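Chemist: One structure coming up, written as structure tokens, with questions to follow.
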Amino acid sequence: MSVSPRVAAQDMKESQEVKEALRAQMEVQRRLHEQVEVQKRVQIRMEALEKYIDSILESACKMVTEQFASSGFSISNPDLPEISPGGVMCGSTDTLGSSVLNQLSVSSIDSHSPGGKPSPSGMEGPTLLQKSPELKRRSS
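Take the sequence shown: its letter number 68 is residue 68 in full-length UniProt numbering, and every next letter is one higher.
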């Protein structure tokens, strides 16, 4: 039984198409593998940045808590308005409510350097820990 030249040519053509399809599939797999590797590296970098940001926030919370403690300004002070549920957590037990943070930002905006010019940091000296006028009236 002989194979006609037409059938042989058809088989070769199909064989070539299969080879091309396999090559294309292998190229797609290679590119997908590269993308997965890139995603892994990005994920690792994101996790490292998250840890870095967490450590910065933790340090900032500790500094603010220490400033409160050293000035006698307590977060649990009854003069303070209730801490809102949207407060900022510092560690596992300290909570700074948005109202406290707002008071700090208002106090820092009002702070001035000795020359009467606005403070470059906006957070110099004891003004950071001042009570708002509303709280001073309540405690009087």
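By construction, the Cβ of each residue, glycine as well, lies at the ideal position given by its N, Cα and C atoms. Because the structure is a prediction, the values reported are computed rather than measured.
Let me know the secondary structure DSSP gives E27 once reduced to three states.
Modeler: helix
Chemist: Can you have a look at V7 and say buried or exposed, based on whether 16 or more other CB atoms are within 10 angstroms of its CB?
Modeler: Burial call: exposed.
Chemist: Would you call V38 buried or exposed, if buried means 16 or more other Cβ atoms sit within 10 Å of its Cβ?
Modeler: exposed
Chemist: In this structure, how does DSSP classify T95 when only helix, strand and coil are distinguished?
Modeler: A caution first: T95 carries a pLDDT of 48, below 50, which makes its placement in the model unreliable, though a value can still be read off. In the structure shown, T95 sits in a strand (DSSP, three-state: E or B).
Chemist: Put S4 into one of helix, strand or coil per three-state DSSP.
Modeler: coil
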